[in-house]
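For what it's worth, our numbering labels the leading residue of the sequence shown as 138, then goes sequentially. Note that beta-carbon positions come from the ideal geometry of N, C-alpha and C, so glycine has one too. A short worksheet on the structure shown next.
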Amino acid sequence: MGQRGSTQPEARVLLLGLDNAGKSTLLYKMKHNRLVGTVPTIGFNVEMFDVKKKKKNFALTVWDVGGQTEMRRHWPTFHQDTVAVVFVVDAADRDRAAEAKRELENTLTSEQLRGRPLAVLANKQDVDGSMTVTEIIDSFHLRKTCGDRDWFAQPCSASTGFGLEEALKRIGHMIKPPTESAPNVKENIRDTMNYIKFKSVRR
Ligand code: G3D
Ligand code: MG
138 MGQRGSTQPE ARVLLLGLDN AGKSTLLYKM KHNRLVGTVP TIGFNVEMFD
188 VKKKKKNFAL TVWDVGGQTE MRRHWPTFHQ DTVAVVFVVD AADRDRAAEA
238 KRELENTLTS EQLRGRPLAV LANKQDVDGS MTVTEIIDSF HLRKTCGDRD
288 WFAQPCSAST GFGLEEALKR IGHMIKPPTE SAPNVKENIR DTMNYIKFKS
338 VRR
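So this is what it looks like as structure tokens:
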């Protein structure tokens with residue numbers, strides 16, 4: 138992460154989904170347009186994107202907080218300051234679709250995420266026979282589950298980059314820019330990291 142823009146206010150986006158959905162691959166590809174070998178995320182990855190909306194510049198930070206159980210206990214802390222959720226589905230894994238649906242529903246029950254916009258990314262579209270975005274909208278009952286919140290579902294491939302730019306653009310449209318008094322991105326990331334490290338060692 139560079140220094141540029143580090144004094145801008147932060148709008149935090151949470152990248153969630155089952156393990157192996159492609160979250161880490163997607164984050165790196167979105168940011169650097171390249172593929173990196175990923176290992177199951179321990180701790181978290183965070184990347185910053187510069188956004189301009191209504192003449193305001195701010196930093197969209199996308200947090201991939203990993204799926205391991207011990208991190209889940211910290212999710213409410215993340216949820217509090219989150220402006221939008223991106224939920225990644227492995228569209229090539231029909232066997233885990235029901236589990237992914239449950240995980241999404243569970244996430245959306247968080248009090249701190251009430252009314253926050255949601256993007257559902259139907260990843261791995263490069264794999265033959267993967268679920269289409271329409272199949273996911275229907276089988277996940279997204280219209281019902283999302284209720285009044287703003288949401289969209291979009292096909293993508295973190296491997297090829299298909300759909301990622303579009304997804305980032307749509308996420309930018311969906312969120313409210315942070316207020317000028319919001320903590321700046323650098324402080325916020327540092328404080329969150331310290332908080333998690335502190336909580337993790339005190340487990
Ligand atoms: P996670 O962070 O959600 O746990 P990862 O998932 O980003 O680590 O990805 C898990 C595996 O899925 C990786 O494969 C990765 O290369 C693969 N993957 C991610 N996105 C795509 C995609 O769009 N298409 C295809 N075909 N594969 C994808 P490995 O083999 O390294 O475990
Ligand atoms: Mg990961």
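query	result
Nearest-angstrom Cα separation, counted from Val226 out to Thr269	11 Å
First through last residue of the beta strand (DSSP E) which encompasses Asn182	Asn182 to Lys190
Lys168 beta carbon near ligand 1 (any heavy atom closer than 6 Å)	no
Contact test: Ser296 Cβ vs ligand 2 heavy atom, cutoff 6 Å	no
Own chain residues within Cβ distance below 8 Å of Thr282, not counting five before or after	Leu241, Glu242 and Leu245
Validate contact between the region 161-169 and the region 294-310 using beta carbons, cut 8 Å, 3 pairs	yes
Top-ranked residue by Cα proximity to Val222, from Gly309, Thr144 and Gln262	Gly309
Distance between Arg327 and Ser247 (C-alpha atoms, nearest Å)	24 Å
Euclidean distance between Cα positions of Ala295 and Pro254	21 Å
Classification of Ala148 by the beta-carbon crowding that lies within 10 angstroms, buried from 16 upward	buried
From Val183, Arg233 and Ile273, residue whose alpha carbon lies closest to that of Ser161	Val183
Nearest-angstrom Cβ-Cβ length linking Ala256 and Gln291, presumed shorter than 8 Å	7 Å
Ile312 and Val199 closer than 7 Å at C-beta	no
For Gly266 and Gln145, the rounded distance between their alpha carbons	42 Å
Ligand 2 heavy atom lying under 6 Å from the CB of Lys261	no
Close beta carbons around Phe277, own chain, < 7 Å, minus the five adjacent residues each side	Lys238 and Leu241
Any non-hydrogen atom of ligand 1 closer than 6 Å to Val150 Cβ	no
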